[in-house]
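Protein sequences appear in the order of chains E and P.
Start counting the first sequence at 1; every next residue gets the next number (the UniProt record's numbering).
Start counting the second sequence at 1; every next residue gets the next number (the UniProt record's numbering).
Even glycine gets a Cβ: it sits at the ideal position worked out from N, Cα and C.
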Amino acid sequence: MTTTSGGAGGVAAPPDQELPPAVDDEVLEHERRRWTPARIAVWAAIALLGGLGWVMVALIRGETVNAIWFVFAAVATYLIAYRFYSTYIERKLLRPDDRRATPAEHSENGQDYLPTDRRVLYGHHFAAIAGAGPLVGPVLAAQMGYLPGTIWIIVGVVLAGAVQDYLVLFFSMRRGGRSLGQMARDELGVVGGAAAVIATLAIMIILIAVLALVVVQALGESPWGVFSVAMTIPIALFMGFYLRYLRPGKVGEVSVIGVALLLLAIIAGGWISESGLAEAFTLSRTTLAWCVVIYGVVAAVLPVWMLLAPRDYLSTFMKIGTIVLLAVAVVVVRPDIATPAFSEFATRSDGPVVPGPLFPFLFVTIACGALSGFHALISSGTTPKLIEKERQTRFIGYGGMLMESFVAIMALVAAISIDRGIYFAMNAPTALTGGTVETAAVWVNSLGLAGVDITPQELAGTAAMVGEQSIVSRTGGAPTLALGLSQILSQFLGGAALASFWYHFAIMFEALFILTAVDAGTRVARFMLQDAVGTFVPRFRDTSWRTGAWIGTIVMVGGWGGILIMGVTDPLGGINTLFPLFGIANQLLAAIALAVCLAIIARRGTVQYLWIVLVPLVTVAVITVTASLYKIFSPVPGVGYWAQHFAYRDAIAAGRTSMGAARNPAQMEAVVRNTFIQGTLSIIFLVLTLIVLTAATVAAVRSVRSGGSPGKEDEPVPSRRYGPSGLIPTPAEKELEKQWLASAGAPSRGGGH
Amino acid sequence: MVAALGQGYRAVRWWFRGVLGADAYDRYLAHHARAGHDEPPMSERAFWRARTDHQERHPQGRCC
């Protein structure tokens, strides 16, 4: 009676089973340290290839650099970091013990606590952490040139992002799958814990708002995009009804049907854009923003089975599929990149895409892909309840984040493979480009960028090629990435005839990822809010109470919807003013997560190996605090929110009716109002984070001073199942797995019986 | 060759179903059998309803 099937992990023990649930630590350690000649040769080759990649990317200054070197540099670095640094963290700091049962084993309930095969969980975890973030940030950061972004994505993930994900996943697993907020309360006390929860809520609001803004910017005035993305809603509803009433549980089948319909919707979008219906689907960005807000409310109150669950299947399917497609295409096409390693804007702070100096703004613009605080919510949410063996946290947590970093590198490659003149025409706000191809070409050429000479015809021709009315000032990163992808993919599949299809394919999957994050995020945030308010008004804790649910939803959607509308109507251009806030918010969440990890680790009472968490924590704290201070105190109006605020207020007081990008009194008022909100948010984020950091430092120092304090881990429960720890089992692991399989029967892999 | 292809297809299918969550009912049945409950397991339809009801109360985040 012990057949495991489908995604079930490893092998569970029958009642009279006596096999050990773990390979001895010494045996594993011995295997790891046994350097056979073949192994030495493999790792030497990886190191050489990676070194060569870095030299080609970072040091050789030719006319162009081939994209394949980015792939070599990144993949070799990931492999080396995974093999050496993550095992170091495992051995010295976390010391997983496979003799202990994980929450998935000891609290297994057939629903959310369920031991899951490590390879399946890797894909599952990756689909949960990766989305539009790693696709967008690197595109915007490309204004500085490719090298700063490349280094931060790769080095950042190795020392910070993957470490955070791994630590949070491990600690949450040892605490029965507790959430980050609960761990903060346990470790940082009442004040620190409350600050962490409020900061998390505020950060989620800004994250959702900016993601939604990216979608709106991509779909504005684009009948093709609007039609195909709008069609995802009826497709998801159809899938929902299919799964509920026609053929319950046939998830794979309905997902294939859904993806086919999705592709049809993209093709049909092309017909629409050339037909008389184009007018009906050409929506202004403000109208679209309201549509997204209404969608957010409806999605949050509709039953999950109707919209959220099927959309999630669609999104997961597309996520894995497109990322494989992207990687294959980049490796096959190997585009030559003409963008310089450092652009003219690397040493200035007036970049048109995202303002501010390289340090710290490059490091907040690229959040996802290098270090993303949002992941801490996943690593302390779904995943720790599914993990089968303690040792597998390294593969899932550290390894999963490496994959997201790889996606970010791919996005960077796609963005820098397009012409630089087109890049700036697309990514600068209308306030600078003037909105038409003629004014945009004049403006781009006036920047004095090396090798850039763009004509209005080229801009119009590019727009026509991808089936858009215009590509000027399509800010937000998604359209730029879509253009890069369409160029790469059309060289790989279909040629120029399919360029517009691939463009809208890319827009579609980015919109799909973002809308999934928007509706799931709204729901999660609503529950967090209800839980927080429930501390004072217990009734709110009951999440099935309709009134409470409505109030929570309206508050959350009102929060991000307000910021979204503000961004869309911002005379200064919403992305360049709001994106830094998005990055800062995400990194602040990382700082909070790492601070909680610091407090947990310090409980051991020794400072040894504390640097593993201090390196990313101090880095991210310095980055975000500096960036926040710039945003609050910088006297340069383009960089500092308050400088901008007072400049416009003074101008209004002096009786001026237009200034800079604001052309009438109403727009002047809008700038004053927007900068006030953005500036206030900056201050709130900074204060909350400083409270959390202080609380964590106090807790850590107290623990170390007193020689350690008891941790809040669950009592160990002996494990009665086994599964290897990494992707490829070691000989000893393979041997033990074989014994387990022999005693318990092989897991069926048929599925769907 | 054909056998290897078939095996590869089955492995990819198994993996993808797991990542999507399409195998949830099979896993529930396996769990039910392992746990040795007295009542019979839920029907497939009832299970998926219970599952979405559960998701209703326990939303999962999706990252950016």
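Answer with buried or exposed for L512 (chain E), where buried requires no fewer than 16 other C-beta atoms within 10 angstroms of its C-beta.
-> buried
Counting pairs of Cβ atoms below 8 Å between the stretch 179-191 of chain E and the stretch 81-92 of chain E, do you hit three or more?
-> no
Which partner residues does V11 (chain E) have in the DSSP bridge list?
-> E:Y722
Grab me the residues of S417 (chain E)'s own chain with a C-beta within less than 6 Å of its C-beta, minus the 5 sequence neighbours each way, in chain order.
-> P335, I337 and G484
If V19 (chain P) sits next to H30 (chain E), beta carbons under 8 Å apart, how far is it from one beta carbon to the other, in whole angstroms?
-> The Cβ separation is near 34 Å, so there is no contact.
May I ask you to list the residues that DSSP assigns as paired with M659 (chain E)?
-> E:A662
What's the C-alpha gap between G752 (chain E) and D26 (chain P)?
-> Confidence in G752 (chain E) is poor, its pLDDT being 36 and thus under 50, which makes the residue's placement too unreliable to answer from.
Looking at the structure shown, is D419 (chain E) part of a helix, part of a strand, or coil, going by DSSP?
-> Coil at D419 (chain E), not helix or strand.
Taking the CB atoms as reference points, tell me whether Q667 (chain E) and F424 (chain E) lie closer together than 9 Å.
-> no
Chain E contact residues for L20 (chain P), given Cβ-Cβ distances below 8 Å = V251, G252, S255, Y313, T316 and F317
What separation, rounded to the nearest whole angstrom, lies between the Cα atoms of A651 (chain E) and M659 (chain E)?
-> 8 Å
Residues bridged to M17 (chain P) [DSSP beta-bridge criterion] = According to the sequence displayed, residue 17 (chain P) carries Arg and not Met. In the DSSP output, where bridge partners are listed per residue, R17 (chain P) has none listed.
Counting pairs of Cβ atoms below 8 Å between the stretch 283-290 of chain E and the stretch 210-229 of chain E, do you hit three or more?
-> yes
Taking only beta-carbon positions, decide if N586 (chain E) is within less than 9 Å of chain P.
-> Residue-level contact check: N586 (chain E) touches chain P, since one or more beta carbons of chain P fall below 9 Å from its beta carbon.
Beta-carbon gap between V613 (chain E) and C597 (chain E) smaller than 9 Å = yes
Please classify N427 (chain E): does DSSP put it in a helix, a strand, or coil?
-> helix
Sequence-distant residues of its chain with Cβ nearer than 8 Å to A218 (chain E) (five each side left out) | G225, R474, G476, A478, P479, A482, I507, E510 and A511
Closest by C-alpha distance to G53 (chain E), when choosing among E:T150, E:A130 and E:T116 | Checked all of E:T150, E:A130 and E:T116; the closest Cα to G53 (chain E) is E:T150.
Note down, in chain order, each residue of its chain lying with its Cβ closer than 8 Å to the Cβ of A309 (chain E), except the 5 sequence neighbours on either side.
-> G240 and L243
Can you tell which of E:A236, E:A327 and E:E388 has its C-alpha closest to the C-alpha of E105 (chain E)?
-> E:E388
How do the stretch 543-555 of chain E and the stretch 513-521 of chain E stand: do at least 3 beta-carbon pairs fall below 8 Å, yes or no?
-> no
Minimum C-alpha distance to L449 (chain E) - residue among E:F342, E:V168 and E:W502 | E:F342
With a 10 Å radius around its C-beta and 16 neighbouring C-beta atoms as the bar for buried, classify G494 (chain E) as buried or exposed.
-> exposed
According to a CB-to-CB cut-off of less than 7 Å, which residues of the stretch 521-537 of chain E neighbour chain P?
-> G521, R523, V524 and F527
9 Å Cβ cutoff, M59 (chain P) in contact with chain E = In the sequence under discussion, the amino acid at residue 59 (chain P) is Pro, which differs from the Met named in the question. P59 (chain P) counts as touching chain E.
Contact set between V120 (chain E) and chain P, taken where Cβ atoms lie within less than 7 Å = W15, G18 and V19
Within chain P, the residues that D112 (chain E) reaches when beta carbons sit closer than 8 Å = H54 and H58
Residue range of the alpha helix (DSSP H) that includes I68 (chain E) = A67 to I80
What's the gap between the Cα of P635 (chain E) and the Cα of R185 (chain E)?
-> 38 Å
Stretch pair the stretch 159-175 of chain E + the stretch 395-407 of chain E: three plus CB contacts closer than 8 Å = yes
Note down, in chain order, all residues in the stretch 21-37 of chain P with a beta-carbon under 9 Å from any beta-carbon belonging to chain E.
-> Considering only beta carbons, the part of the stretch 21-37 of chain P lying closer than 9 Å to chain E consists of G21, A22, D23, A24, Y25, D26, R27, Y28, L29, A30, H31, H32, A33, R34, A35 and G36, in chain order.
Since D714 (chain E) meets chain P, which of its residues come closer than 8 Å, beta carbon to beta carbon?
-> Within 8 Å Cβ-Cβ: nothing; D714 (chain E) doesn't reach chain P, min ~20 Å.
Ignoring anything shorter than 4 residues or poking outside the stretch 251-323 of chain E, list the alpha helix (DSSP H) runs there in chain order.
-> 251-274, 278-281 and 285-301
Which whole-angstrom value is the C-beta distance of S380 (chain E) and F317 (chain E), which I expect to be below 8 Å?
-> Going by Cβ atoms, the distance from S380 (chain E) to F317 (chain E) rounds to 26 Å, so no, they are not a contact pair.
Spell out whether any CB of chain E is found under 9 Å from the CB atom of A50 (chain P).
-> A50 (chain P) counts as touching chain E.
For V452 (chain E) and L564 (chain E), the rounded distance between their alpha carbons | 33 Å
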